[in-house]
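**Q** Residue numbers (the numbering used here): 56 to 598.
All C-beta atoms, glycine included, are put in the ideal place defined by N, C-alpha and C.
Please read through the structure below; I'll follow up with questions.
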Amino acid sequence: MAAQAEPTQAERDAQKLYWLEHSSQPTVEAMMLDSKAAEIDQLERPEVLSTLGSVAGKRVLELGAGIGRFTGELAKTAKHVMACDFMEVSIAENRRQHEALGNVSFMVADVTELEQEAGAYDVVFSNWLLMYLSDAEVKALAAKVLRWLAPGGVLFFRGVLFFRESCFRPSGDRPRKGNPTHYRNPRDYFAMFDGAELVSADSSSSCHLQLVCCKCVDTYVTVKKNQNQICWKFQKVETPHPRPPLYRTFLDTQQYSDASIALYEAVYGRGFVSPGGQRVSQQLMDSLELQPGMTLLDVGCGIGGNAFLAADTYGCHVHGIDLSVNMILVAIERAAAAIASSRSSSGGGAAAAAANGSSSSSGNGVISPRQQQQVPHDVTFEVADVLTRDFQQGSFDVCVSRDSLLHVQGKQALFSRLFRWLKPGGRLLVTDYCQPSTADFSPSPGFAAYIAKHRYSLLSVEAYGQQLAAAGFAEVQAEDCTAELIATLEAELAGLQAGKEEFTAKFSADEYEVLTSRWREKLARAQAGEQRWGKLTAVKPLQ
56 MAAQAEPTQA
66 ERDAQKLYWL
76 EHSSQPTVEA
86 MMLDSKAAEI
96 DQLERPEVLS
106 TLGSVAGKRV
116 LELGAGIGRF
126 TGELAKTAKH
136 VMACDFMEVS
146 IAENRRQHEA
156 LGNVSFMVAD
166 VTELEQEAGA
176 YDVVFSNWLL
186 MYLSDAEVKA
196 LAAKVLRWLA
206 PGGVLFFRGV
216 LFFRESCFRP
226 SGDRPRKGNP
236 THYRNPRDYF
246 AMFDGAELVS
256 ADSSSSCHLQ
266 LVCCKCVDTY
276 VTVKKNQNQI
286 CWKFQKVETP
296 HPRPPLYRTF
306 LDTQQYSDAS
316 IALYEAVYGR
326 GFVSPGGQRV
336 SQQLMDSLEL
346 QPGMTLLDVG
356 CGIGGNAFLA
366 ADTYGCHVHG
376 IDLSVNMILV
386 AIERAAAAIA
396 SSRSSSGGGA
406 AAAAANGSSS
416 SSGNGVISPR
426 QQQQVPHDVT
436 FEVADVLTRD
446 FQQGSFDVCV
456 SRDSLLHVQG
466 KQALFSRLFR
476 WLKPGGRLLV
486 TDYCQPSTAD
496 FSPSPGFAAY
506 IAKHRYSLLS
516 VEAYGQQLAA
526 AGFAEVQAED
536 CTAELIATLE
546 AELAGLQAGK
556 EEFTAKFSAD
566 EYEVLTSRWR
576 EKLARAQAGE
586 QRWGKLTAVK
596 PLQ
């Protein structure tokens with residue numbers, strides 16, 4: 056994150072003048088600065104509140120409450136809502152609409168100067184606030200919120216911070232005389248909030264903000280094909296100090312660091328981090344007979360290549376979910392780049408799709424009508440644990456997972472969740488690394504070290520099929536595709552060797568040797584029948 060100077064009084068004055076101009080008419084259109092405000096408001100409010108989760112019986116602090124778009128909704132079930140905004144005209148309109156509810160208090164205050172009692176709130180909620188603060192002000196607010204939130208406990212609702220911001224660029228289409236807004240990269244918000252921590256007096260424990268989820272606001276993708284509206288949900292948790300690393304942290308600092316992602320793409324192609332890259336993904340997507348308008352859940356979506364492919368080639372709406380912050384942020388950044396590209400040029404859809412990591416043609420080599428126009432991707436992305444995240448029953452036509460369930464310990468529980476999320480008749484497709492099916496299988500030292508290093512949890516192809524059937528799926532097909540994996544590894548290794556000069560110029564000779572050595576080891580294990588590759592398909596019964 057680029058260093059930003061300390062906020063000045065001139066900056067605070069500029070923000071106040073900006074909102075004096077846009078608050079002169081306290082309406083939804085004025086607050087959202089968008090010609091489609093009424094449509095978006097009706098769709099996004101329930102979505103945002105659903106992501107927040109229940110606030111029943113909770114004490115809520117709403118920062119930047121404005122005219123109360125969310126105040127009344129929060130107050131329907133909350134014990135009490137404190138609505139705070141620095142624009143008196145906005146709070147006056149909020150009070151006019153919601154004071155009669157009886158459980159809402161109103162405060163005119165600048166959040167940068169606000170002080171509240173420690174542990175006074177169960178939920179701190181803001182919508183479009185932090186982008187009007189400097190980096191230093193956001194960091195200071197993160198530390199304050201951590202103090203204001205109740206600590207919670209094993210059987211008690213943990214204190215929750217929820218915020219939503221515009222990233223990269225504006226979403227509204229209303230003209231503005233000036234715009235002092237900070238349209239940050241989402242990475243900046245992670246840097247500012249992941250580091251917030253309160254250490255106990257004896258330094259034995261600490262409270263910090265632990266990510267629950269970070270996701271695009273689907274409404275903006277549906278209405279505007281725009282992934283730059285993003286919301287975050289954190290919980291206040293207490294852990295020993297120093298805090299133990301999370302599995303998410305392991306993924307982001309080890310297997311899916313920015314450097315590792317670049318190396319994967321050097322082998323698999325832009326947008327892909329699994330065997331065969333776009334070629335195999337194209338074959339798999341073709342086999343699903345996808346149709347325009349279908350909803351597809353991509354579990355372990357990585358950096359988005361498969362999701363972009365399904366959206367751009369087949370016209371699906373795709374929701375990608377992954378535990379790695381690094382990979383999701385790459386996917387969001389590329390989706391945002393497609394928005395900028397579509398605004399700055401007309402036509403050239405195939406070239407733009409390729410530039411953003413998506414397919415340029417359908418499986419038969421013909422550019423689809425959808426791709427003949429340059430359009431942003433119909434995809435949403437989310438950082439979350441698929442074993443704790445929930446979706447409504449029957450949300451998706453198709454669920455796909457490409458070589459990512461090896462990171463999941465509780466596969467049987469996951470399959471039950473996927474079964475519930477699919478519509479009747481919905482289809483599931485999974486590819487994954489596997490182990491042999493023999494009951495007495497014991498991995499060789501090299502394979503055991505490989506599994507331990509990556510913290511993989513592997514099943515046999517047959518065990519995968521049995522777990523899918525146990526979850527209720529029908530028409531289960533569990534296919535051992537190790538021969539295809541071997542051919543793919545051989546082709547990828549040959550590609551690395553042929554492109555050695557280009558690779559070493561971009562990376563280094565040492566990285567080339569490490570990567571080719573890893574591929575030779577995987578190839579040897581696959582040829583020995585130890586490291587296997589499975590493809591699984593299944594259908595949720597109509598009844």
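(1) Assign residue 302 to one of two classes, buried (16 or more other C-beta atoms within 10 Å of its C-beta) or exposed (fewer than that).
(2) Beta-carbon separation of residue 67 and residue 96 under 8 Å?
(3) Closest to residue 333 by CA distance: which of 312, 355, 365 is it?
(4) Should the segment 126 to 145 be called in touch with the segment 102 to 116, which here means at least 3 C-beta pairs below 8 Å?
(5) Considering just the uninterrupted stretch of the alpha helix (DSSP H) at residue 314, what are its terminal residues?
(6) Among residues of its own chain, excluding the 5 on either side of residue 355, which ones have a beta-carbon nearer than 6 Å to its beta-carbon?
(7) Are the beta-carbon atoms belonging to residue 590 and residue 534 less than 8 Å from one another?
(8) Looking only at C-alpha atoms, which of 313, 464, 122, 249 sits nearest to residue 291?
(9) For residue 65, does the count of other Cβ atoms within 10 angstroms reach 16, so buried, or fall short, so exposed?
(10) Consult DSSP for residue 158 and reduce its assignment to one of helix, strand or coil.
(11) For residue 587, count neighbouring C-beta atoms within 10 Å of its own C-beta (all shown protein chains included) and say buried if the count is 16 or more, exposed if not.
(12) Measuring straight from C-alpha to C-alpha, what distance separates residue 501 and residue 264?
(13) Given that a residue counts as buried once 16 or more other Cβ atoms are within 10 Å of its Cβ, and exposed if not, what is residue 552?
(14) Measuring CA to CA, which of 234, 511, 519, 109 is closest to residue 216?
(15) Does the distance from the C-beta atom of residue 280 to that of residue 491 stay below 8 Å?
(16) Going by C-alpha distance, which of 176, 164, 480, 283 is nearest residue 111?
(17) Are the segment 344 to 364 and the segment 317 to 327 touching, with three or more C-beta to C-beta distances below 8 Å?
(18) Check each candidate in 88, 515, 151, 258 and name the one with the smallest Cα separation from residue 229.
(19) So what's residue 444 in DSSP terms, helix, strand or just coil?
(20) Starting from the C-beta of residue 480, find all residues in its chain whose C-beta is less than 6 Å away, skip the five residues before and the five after it, and write them out in chain order.
(21) Can you look up residue 589 in the DSSP assignment and give me helix, strand or coil?
(22) Express the C-alpha separation of residue 512 and residue 442 in angstroms, rounding to a whole number.
(23) Quick check: the segment 305 to 324 against the segment 341 to 353, are there 3 or more CB pairs under 8 Å?
(24) Go through its chain and collect everything with a Cβ distance to residue 509's Cβ below 7 Å, but skip five positions before and after it.
(25) Relative to the C-alpha of residue 541, which residue among 581, 234, 483, 515 is closest?
(26) Look at the alpha carbon of residue 225 and the alpha carbon of residue 276, and state the distance between them as a whole number of angstroms.
(27) Under the DSSP definition of a beta bridge, which residues are partnered with residue 123?
(28) In the DSSP assignment, find the beta strand (DSSP E) that holds residue 114 and state where it starts and stops.
(29) Output the distance between the C-alpha atoms of residue 128 and residue 92, rounded to the nearest integer angstrom.
(30) Cβ atoms of residue 436 and residue 386: under 8 Å apart, would you say?
(31) Rounded to whole angstroms, how far is the Cβ of residue 300 from the Cβ of residue 262, which I believe are closer than 8 Å?
(32) Is residue 539 near the ligand SAH, judged by its Cβ being under 7 Å from some heavy atom?
(33) Residue 294 lies in the beta strand (DSSP E); which residues open and close that run?
(34) Who are the near neighbours of residue 425 in its chain, counting only those whose CB is closer than 6 Å to its CB and skipping five residues on each side?
(35) Given 8 Å as the limit, is there contact between the segment 470 to 487 and the segment 515 to 526, that is, 3 or more CB pairs closer than that?
(36) Would you please state the rounded distance, in angstroms, between the beta carbons of residue 239 and residue 222? I believe it to be under 8 Å.
**A** Taking the geometry as given:
(1) Taking the sequence shown and counting its residues from 1, one reaches residue 302 at position 247. Exposed: under 16 other Cβ atoms inside 10 Å.
(2) Taking the first residue of the sequence shown as 1, we reach residue 67 at position 12. Taking the first residue of the sequence shown as 1, we reach residue 96 at position 41. Not a contact, by the Cβ cut-off of 8 Å.
(3) Working through the sequence shown from its first residue, we reach residue 333 at position 278. For residue 333, the nearest C-alpha among the options comes from 365.
(4) yes
(5) By one-based count along the sequence shown, residue 314 stands at place 259. Unbroken alpha helix (DSSP H) run through residue 314: 313 to 323.
(6) Here residue 355 refers to the residue found at position 300 of the sequence shown. Sequence-distant partners of residue 355 (beyond 5 residues in either direction) whose C-beta falls short of 6 Å from its own C-beta, in its chain, are 377, 456, 459.
(7) Along the sequence shown, one-based indexing puts residue 590 at 535. Along the sequence shown, one-based indexing puts residue 534 at 479. The beta carbons of residue 590 and residue 534 sit closer together than 8 Å.
(8) Start at 1 with the first residue of the sequence shown, and residue 291 comes out as number 236. Ranking 313, 464, 122, 249 by Cα distance to residue 291 puts 249 first.
(9) To locate residue 65, count along the sequence shown from 1; it is residue 10. Label assigned to residue 65: exposed.
(10) Locating residue 158 in the sequence shown gives position 103, where the first residue counts as 1. Residue 158: coil per DSSP, three-state reduction.
(11) Taking the sequence shown and counting its residues from 1, one reaches residue 587 at position 532. Buried, because 16 or more other Cβ atoms sit within 10 Å of the Cβ of residue 587.
(12) The residue you call residue 501 lines up with position 446 of the sequence shown. The residue you call residue 264 lines up with position 209 of the sequence shown. Pairing residue 501 with residue 264, the inter-Cα distance amounts to about 38 Å.
(13) Stepping through the sequence shown from its first residue, residue 552 is reached at position 497. That one is exposed.
(14) By 1-based counting over the sequence shown, the position of residue 216 is 161. Cα-wise, what sits closest to residue 216 is 109.
(15) Position 225 of the sequence shown, counted from the start, is the residue given in the question as residue 280. Position 436 of the sequence shown, counted from the start, is the residue given in the question as residue 491. Using a Cβ distance threshold of 8 Å, residue 280 and residue 491 do not count as a contacting pair.
(16) For the purposes of this step, residue 111 is identified with residue 56 of the sequence shown, where counting begins at 1. Per the Cα distances, 176.
(17) Output reads yes: the segment 317 to 327 touches the segment 344 to 364.
(18) On the sequence shown, position 174 is the one that residue 229 refers to. Checked all of 88, 515, 151, 258; the closest Cα to residue 229 is 88.
(19) Translated into positions along the sequence shown, residue 444 becomes position 389. Of the three classes helix, strand and coil, the one that applies to residue 444 here is coil, per DSSP.
(20) Your numbering for residue 480 matches position 425 in the sequence shown. Here residue 480 has 597 as same chain residues with Cβ atoms under 6 Å from its own Cβ, once five neighbours each way along the sequence are excluded.
(21) Within the sequence shown, residue 589 is the residue found at index 534, counting from 1. Note: residue 589 maps to strand in three-state DSSP.
(22) Here residue 442 corresponds to residue number 387 of the sequence shown, with the count starting at 1. Here residue 512 corresponds to residue number 457 of the sequence shown, with the count starting at 1. Here the alpha carbon of residue 442 sits roughly 15 Å from the alpha carbon of residue 512.
(23) no
(24) Position 454 of the sequence shown holds residue 509. So the list reads 310, once near-sequence residues are dropped.
(25) Taking the sequence shown and counting its residues from 1, the one referred to as residue 541 is at position 486. It is 581.
(26) Locating residue 225 in the sequence shown gives position 170, counting from the first residue. Locating residue 276 in the sequence shown gives position 221, counting from the first residue. Going by the C-alpha atoms only, they are around 14 Å apart.
(27) Position 68 of the sequence shown, counted from the start, is the residue given in the question as residue 123. For residue 123, which the question treats as bridged, DSSP gives no partner whatsoever.
(28) As a working note, residue 114 is residue 59 in the sequence shown. Run containing residue 114: 114 to 118, per the beta strand (DSSP E) assignment.
(29) The residue you call residue 128 lines up with position 73 of the sequence shown. The residue you call residue 92 lines up with position 37 of the sequence shown. Cα to Cα, residue 128 sits roughly 18 Å from residue 92.
(30) Mapped onto the sequence shown, residue 386 falls at position 331. Mapped onto the sequence shown, residue 436 falls at position 381. It is a contact, given that the beta carbons lie within the stated cut-off.
(31) Taking the sequence shown and counting its residues from 1, the one referred to as residue 300 is at position 245. Taking the sequence shown and counting its residues from 1, the one referred to as residue 262 is at position 207. About 17 Å separates the two Cβ atoms, so there is no contact after all.
(32) What this structure holds is no ligand at all, so the ligand SAH is not there to describe.
(33) On the sequence shown, residue 294 is found 239 positions in, with the first residue counted as 1. Where residue 294 is concerned, the enclosing beta strand (DSSP E) stretches over 284 to 295.
(34) Along the sequence shown, one-based indexing puts residue 425 at 370. Note that residue 425 has pLDDT 37, beneath the 50 cutoff, so the model's placement of it is unreliable and the number below is only indicative. 370.
(35) With a cut-off of 8 Å, the segment 515 to 526 and the segment 470 to 487 count as touching, because enough Cβ pairs lie within range.
(36) Indexing the sequence shown from 1 puts residue 239 at position 184. Indexing the sequence shown from 1 puts residue 222 at position 167. Confirmed, Cβ separation roughly 6 Å.
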